[in-house]
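Quick mapping for you: the protein sequence lines, in order, are chains C and X.
According to the numbering used here, the first sequence is numbered sequentially starting from 18.
According to the numbering used here, the second sequence is numbered sequentially starting from 3.
Scroll down for the structure; my scribbles are underneath it.
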Amino acid sequence: DAGVIQSPRHEVTEMGQEVTLRCKPISGHNSLFWYRQTMMRGLELLIYFNNNVPIDDSGMPEDRFSAKMPNASFSTLKIQPSEPRDSAVYFCASSLSQGGRLFFGSGTQLSVL
Amino acid sequence: GQQLNQSPQSMFIQEGEDVSMNCTSSSIFNTWLWYKQDPGEGPVLLIALYKAGELTSNGRLTAQFGITRKDSFLNISASIPSDVGIYFCAGQNFVTGNQFYFGTGTSLTVIP
Chain C
18 DAGVIQSPRH
28 EVTEMGQEVT
38 LRCKPISGHN
48 SLFWYRQTMM
58 RGLELLIYFN
68 NNVPIDDSGM
78 PEDRFSAKMP
88 NASFSTLKIQ
98 PSEPRDSAVY
108 FCASSLSQGG
118 RLFFGSGTQL
128 SVL
Chain X
3 GQQLNQSPQS
13 MFIQEGEDVS
23 MNCTSSSIFN
33 TWLWYKQDPG
43 EGPVLLIALY
53 KAGELTSNGR
63 LTAQFGITRK
73 DSFLNISASI
83 PSDVGIYFCA
93 GQNFVTGNQF
103 YFGTGTSLTV
113 IP
């Protein structure tokens, strides 16, 4: 099992640029989660999908953030335009719904200069 | 979103000592998970608990699902240097939603 795969591992960009983070969940998992981790706030849930449908996006900071899940094996998190305060580690995680175990990818370290 | 109260925030212990940490919530959960995160990596699942009172072990690690369903405990016995890292608890109530709520983490340092 390949686990949750995220790309890129590191992203350095300039303020105002568009950033796209990618995630491939574990095959067969039907729930997908995007988290952001910072020293100040810890792990924050941004959005999660069940069966490719966004269920709760209340954690998305503002309209600059958007997420899609066009099929069961792929999701993107986009930031447009990016700002320095978006600098953080972004994790994707997947699980089976209804009490499944949650597995994380290795994360994307985003630095916005 | 909801965050769980996890304590202690940090621990400095001698190699060979036992470690205990816990998580509490204001609401009940029907799943508790415990993770370890190494620098530059994603959290790795250590133990999953699904029933109140359940006690589960994974090597030197033992975790318990509290009877009230509002707390959970993780114990590490005979600590070794590679136990260093940040430990997180997470809880889920899949009746009210699929999201997992995370604790603030316990940073563990093991002194050889």
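By construction, the Cβ of each residue, glycine as well, lies at the ideal position given by its N, Cα and C atoms.
Quantities reported herein were computed from a predicted structural model and do not represent experimental measurements.
Taking 7 Å as the CB-CB cut-off, is Glu43 (chain X) touching chain C?
Here residue 43 (chain X) corresponds to residue number 41 of the second sequence, with the count starting at 1. Yes, because at least one Cβ of chain C sits closer than 7 Å to the Cβ of Glu43 (chain X).
Quick check: what's the CA-CA separation for Pro71 (chain C) versus Ser84 (chain X)?
The residue given as residue 71 (chain C) occupies position 54 in the first sequence. The residue given as residue 84 (chain X) occupies position 82 in the second sequence. Straight-line Cα distance between these residues: approximately 38 Å.
My understanding is that Thr30 (chain C) touches Val106 (chain C), with C-beta atoms under 8 Å, so please give their C-beta distance in whole angstroms.
Locating residue 30 (chain C) in the first sequence gives position 13, counting from the first residue. Locating residue 106 (chain C) in the first sequence gives position 89, counting from the first residue. Contact doesn't hold; Cβ gap of about 15 Å is too wide.
What residue does the beta strand (DSSP E) around Asp73 (chain X) start on, and which one ends it?
What you label residue 73 (chain X) is simply residue 71 of the second sequence in a count that begins at 1. That run of the beta strand (DSSP E) goes 73-78.
Among X:Val21, X:Asn100, X:Gln5, X:Phe14, whose alpha-carbon lies nearest the alpha-carbon of Ser28 (chain X)?
Here the question's residue 28 (chain X) lines up with position 26 in the second sequence. Looking at X:Val21, X:Asn100, X:Gln5, X:Phe14, the one whose alpha-carbon comes closest to that of Ser28 (chain X) is X:Gln5.
State the DSSP-derived secondary structure class of Asp85 (chain X), mapped to helix, strand or coil.
For the purposes of this step, residue 85 (chain X) is taken as residue 83 along the second sequence, with counting starting at 1. For Asp85 (chain X), the three-state secondary structure derived from DSSP is helix.
Please list, in chain order, all residues of the same chain as Ala54 (chain X) whose beta carbon is under 8 Å from its beta carbon, the five residues on each side excluded.
The sequence position of residue 54 (chain X) within the second sequence is 52, counting from 1. Once the five neighbours on either side are set aside, the close Cβ partners of Ala54 (chain X) are Phe67, Gly68, Ile69, Thr70, Arg71.
In angstroms, rounded to a whole number, what distance separates the CA positions of Glu35 (chain C) and Ala110 (chain C)?
For the purposes of this step, residue 35 (chain C) is taken as residue 18 along the first sequence, with counting starting at 1. For the purposes of this step, residue 110 (chain C) is taken as residue 93 along the first sequence, with counting starting at 1. Roughly 22 Å between the two C-alpha positions.
Asp74 (chain C) in three-state terms, based on DSSP:
Translated into positions along the first sequence, residue 74 (chain C) becomes position 57. In the structure shown, the three-state DSSP call for Asp74 (chain C) is coil.
Range covered by the beta strand (DSSP E) that runs through Thr111 (chain X)
Taking the first residue of the second sequence as position 1, residue 111 (chain X) is located at position 109. Per DSSP, Thr111 (chain X) belongs to the beta strand (DSSP E) from 108-113.
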